[in-house]
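Shown next, in structure tokens, is the structure this report addresses.
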Amino acid sequence: MASKGLTSRTPGPGEPGHDHHHAADEHADEAEEHADEHAQEGEADPHFWLDPTLVQTYVKNIAAAFETADPDHAPEYAARAETFDAELAELDAWIKEQVAALPAERRKLVMNHASHGYWADRYGFDVVGAVIPSVSTDSAPTARDLAELLETIEREGVPAIFVQTGENPRLATQIAADTGIVVVDDLYHGSLSEADGVAPSYVEMMRHNTERIVEALRP
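Using the working numbering, you'd call the opening residue of the sequence shown number 10 and step up by one each time.
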């Protein structure tokens, strides 16, 4: 998925910015490979931002586009992109540290809808089910879907269902009651919290989500 909205000529060999654009193109190719893998599994998963390493790719692409469109401020764009890239690398390492505390057999997710595929792939989790088996909350599960999810939860020994803020937790709450597990209903993924909340920025959102997931899955 390449950046859209700004079109510009890519610098040629020997021109200023060529190496930067070449590297950004390589990162874009890598991100598209990830997206293709998810699309091949069924629906195309739009939740790429839940993998910080893919966000790094888009930061590089966005910065490169702005540097080309507004060369007078190119150093500022590059500096800000470099700073955020370092924050994302630190975030990625921190998440790996947190999930390392979980035994492999506990790294199983049941989501309210199919939203955490990229996060799970990056950090070694298995998404074993979703209340709404779709990347869109506009879909609805069938009775068979729900029956299969109940069986999966019992078979896999999953201790929690994770619901994002703004989603209707009704079905997740009912399934949790039927299976004796808990509902964690304060994850963020499509929006941030208020400035004084737990997830006022992307990095803090990802930290909050990771803490809540690890806490709920810990033996």
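Ideal Cβ positions, reconstructed from N, Cα and C, are used throughout, including at glycine. On a predicted model such as this, the values are computed, not experimentally measured, just so you know.
CA-to-CA, the gap between T62 and P55 works out to about 15 Å. Under the criterion of beta carbons closer than 8 Å, L59 and H198 qualify as touching, at roughly 6 Å. Contact between V212 and E96 is confirmed by a C-beta separation of about 6 Å, below the 8 Å threshold. Under DSSP, V191 takes part in a beta bridge, and its partners are A169.
With contacts defined by Cβ atoms closer than 8 Å, G189 and L158 do not form a contacting pair. About 6 Å separates the beta carbon of L196 from that of F171, a gap short enough to meet the 8 Å contact definition.
Here I184 is near L155, since their CB atoms are less than 8 Å apart. Secondary structure note for L226: its alpha helix (DSSP H) is the uninterrupted segment Y211 to L226.
Residue pairing from DSSP places K117 in a beta bridge opposite D135. The shortest C-alpha to C-alpha distance from I141 to any of D187, R153, E165 and F134 is the one to R153. CA-CA distance, E224 to K117, rounds to 13 Å. DSSP, reduced to helix, strand and coil, places H125 outside both helices and strands of the structure shown, so it counts as coil. The residues L196 and H198, in chain order, have a CB closer than 6 Å to that of Q173 in the same chain once the five nearest residues on each side in sequence are set aside. With a cutoff of 8 Å on beta-carbon distance, V108 and A123 are scored as not near each other.
Taking the C-beta atoms as reference points, F57 is found nearer than 8 Å to Y127. Here E85 is exposed: its Cβ has fewer than 16 other Cβ atoms, across all protein chains shown, within 10 Å.
In the structure shown, L155 falls within a helical segment according to DSSP collapsed to helix, strand and coil. Its chain contains V137 and G138 as the residues whose beta carbon lies nearer than 6 Å to that of T161, once the 5 sequence neighbours on both sides are disregarded; these appear in chain order.
If you compare the alpha carbons of I104, D81 and G175 with that of R221, the shortest gap goes to I104.
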